[in-house]
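> Here it is, the structure, as structure tokens.
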Amino acid sequence: MAIRFSSTLEAIKGSDLGPLLALTAKPEVISFAGGLPAPATFPLKELTECAIKVREEDGAGAMQYGPSMGFMGLRQAIADRMNRMYGPMGMDKVDPQHVMITTGSQQGLDMVGRVFLDKDDVVLIESPSYLGAIGAFALNQPKFVEVPTDDQGMIPEELEKIITTTDRIKFIYVIPNYQNPTGICWSLERRKALMDLVTKYEIPVFEDNPYGDLRFEGDEIPPLVSMDPKHLVMYSGTFSKTLAPGMRLAWLVANDEIMAKLDLVKGSTDLSTPCVTQRECAMYMTHYAFEDHIKDNCKLYAKRRDAMCEAIKKYFPENVKCTYPHGGLFLWVELDESIDARKLLLACIENNVAFVPGDSFFPASKKKNYFRLNFSYNDEAVIEEGIKRLGDAIKNYKA
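Position 31 of the sequence shown, counting from 1, maps to 208 under this note's numbering, and the rest follow consecutively.
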């Protein structure tokens, strides 16, 4: 008898991007494709000390099953930090009871999709948007509607047109800080305009903020969750970009009603995020200079961003455009409309350099003449050589 899989799985169209990017694993390939933090930023000595202390102080508790919502010590530390950072910006005080620890922010994306989405429900997203979120939500077979976006964020007038003409909108997914893939940071005016519409039409928002701590210059701009009188915003943060992605630690903040539903899903999937890493992270946050560590990360990444942007000016054709992000891990490249970035990638792999083509970030429009570059992982010398190879491939591109 033939094996029969679920209709959900059957509905998911496989991407040819995975096999392509697998080719970038070769050691001779300079890859700008991943969203990898620099290994030099991992506080290995301090985290090792935390691991030892956790085992010495309460090793049995750390090795035991834990609550699905997460270790209260870490939830409290997260709530305290958010209140220090965003409380002066007008946010209601975050209670640790409203904080859930997740196994990476990807689990949060998956859980929100499960809680809200049925087949053919609508998710409004930036155009372009994070391909990992698109993939997580796609498991529930929704329809994605791309909201026109410029260098300030979603365009409010276009968003309202879509809201008033589209049925079955379940939530709006946005990354206001140093967005993946573009690197743009929403202006304060755009954030206020979005929240005015959200409040007016009472549509939930998923505010994904993995990069907000990685601000290189400029002032902190209040998050959407700080402008939310009806508590419609679900906020996601992560330690993957500030401590280490291998710890698989992130968190969600949501109102009581939504959090209760998320807790049902969390308990039915992995029971809880590993207690050991939660306690190690909590100890690091409360006993070590976490904020200074983040500042050091930002200094390193700002240098690498500058190295990439200078190399792009030097080696790319003049008609190629790119963003200049003031934080985060990525910048976004716009090619001439005659160039298909996926075809360009094939040529680049032959030239031992790689990126992520842009069509994966556009689930509806599938625009082809864009690609994403990561500047955080490679050092300045490798960045320059990789951008030189990329520039040569663009100049020699044949349709």
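Note that the Cβ used here is the ideal one computed from N, Cα and C, for glycine as well.
1) May I ask you to list the residues that DSSP assigns as paired with Arg-549?
2) Helix, strand or coil: how does DSSP classify Lys-543 here?
3) Which ranges would you report for the alpha helix (DSSP H) in the segment 301-342 if only whole runs of at least 4 residues count?
4) Look at the alpha carbon of Lys-565 and the alpha carbon of Leu-550, and state the distance between them as a whole number of angstroms.
5) According to DSSP, is Arg-392 part of a helix, a strand, or is it coil?
6) Which term fits Ile-180, buried or exposed, when burial requires 16 or more other beta carbons within 10 angstroms of its beta carbon?
7) Excluding the 5 residues preceding and the 5 following Phe-314 in the sequence, name in chain order all residues of the same chain whose CB lies nearer than 6 angstroms to its CB.
8) Cβ atoms of Ile-332 and Phe-321: under 9 angstroms apart, would you say?
9) For Met-259, does the three-state DSSP call read helix, strand or coil?
10) What is the DSSP secondary structure of Ala-239, reduced to helix, strand or coil?
11) Using 9 angstroms as the threshold, is the C-beta distance between Val-497 and Asp-513 below it?
12) Are there three or more Cβ pairs, one per stretch, closer than 8 angstroms when the segment 412-421 is compared with the segment 269-284?
13) Confirm, please, whether the CB-CB distance from Asp-385 to Tyr-350 is below 9 angstroms.
14) For a test of the three-state rule: what should DSSP assign to Thr-359, helix, strand or coil?
15) Could you check the C-alpha separation between Lys-338 and Phe-248 for me, to the nearest Å?
16) I'd like to check one pair, Tyr-574 with Ala-541: are the Cβ atoms closer than 9 angstroms?
17) Secondary structure at Glu-384, three-state DSSP: helix, strand or coil?
18) Measure the CB-CB distance between Arg-481 and Ile-571 and report whether it falls below 9 angstroms.
19) DSSP on Val-289, reduced to helix/strand/coil?
20) Report whether the distance from the Cβ of Glu-223 to the nearest heavy atom of the ligand MG is below 8 angstroms.
21) Using three-state DSSP, classify Ile-417 as helix, strand or coil.
22) Between the beta-carbon of Ile-207 and the beta-carbon of Gly-563, is there less than 9 angstroms?
23) Answer with buried or exposed for Ala-239, where buried requires no fewer than 16 other C-beta atoms within 10 angstroms of its C-beta.
24) Anyone know if the C-beta pair for Lys-544 and Pro-305 falls short of 9 angstroms?
25) Leaving out five residues on either side along the sequence, give the residues of the same chain with a beta carbon under 7 angstroms from the beta carbon of Gly-250.
26) With a cut-off of 8 angstroms on the beta carbons, I'd call Tyr-263 and Pro-400 a contact; round off their distance for me.
27) Give me the DSSP bridge partner(s) of Ala-427.
28) What does DSSP give as the partner residues of Tyr-350 in its beta bridges?
29) Looking at the secondary structure, which residues open and close the alpha helix (DSSP H) in which Asp-569 lies?
30) Could you check where the alpha helix (DSSP H) with Thr-454 kicks off and where it finishes?
31) Roughly how many angstroms separate the alpha carbons of Gln-274 and Leu-522, rounded to a whole number?
32) Could you check what DSSP says for Val-271 in three-state terms: helix, strand or coil?
33) Could you give the distance in angstroms between the alpha-carbon of Thr-419 and the alpha-carbon of Ser-537?
34) Taking the straight line between their C-alpha atoms, what separation do you get for Val-276 and Ala-558?
35) As a quick exercise: from Arg-252, Asp-235, Pro-244, Arg-258, pick the residue whose alpha carbon is nearest that of Ala-466.
36) For Cys-499, which beta-bridge partners are listed by DSSP?
Looking at the atomic coordinates:
1) According to DSSP, which records beta bridges pairwise, Arg-549 is partnered with Trp-509, Val-533.
2) In the structure shown, Lys-543 sits in coil (DSSP, three-state: anything other than H, G, I, E or B).
3) Counting only runs of 4 or more, we get 308-315, 333-342.
4) 13 angstroms
5) strand
6) exposed
7) Gly-290, Val-300
8) no
9) helix
10) Residue state, collapsed to three classes: helix.
11) With respect to Asp-513, Val-497 sits close: the two C-beta atoms are nearer than 9 angstroms.
12) yes
13) yes
14) coil
15) 43 angstroms
16) no
17) strand
18) For Arg-481 and Ile-571, no; Cβs fall outside 9 angstroms.
19) For Val-289, the three-state secondary structure derived from DSSP is helix.
20) Summarising the ligand content, the structure contains no ligands, and the ligand MG is consequently not present.
21) According to the sequence provided, residue 417 is Ser. The question's Ile does not apply to it. Three-state result, Ser-417: coil.
22) yes
23) buried
24) Result yes, Cβ atoms of Lys-544 and Pro-305 sit closer than 9 angstroms.
25) Arg-456, Ala-459
26) 6 angstroms
27) Thr-279, Thr-415
28) Ile-302, Phe-383
29) From DSSP, the alpha helix (DSSP H) with Asp-569 extends over 557-572.
30) Here the alpha helix (DSSP H) through Thr-454 covers 452-464.
31) 46 angstroms
32) When DSSP states are grouped into helix, strand and coil, Val-271 belongs to the coil group.
33) Between Thr-419 and Ser-537, the C-alpha separation is close to 26 angstroms.
34) 41 angstroms
35) Arg-258
36) Val-510
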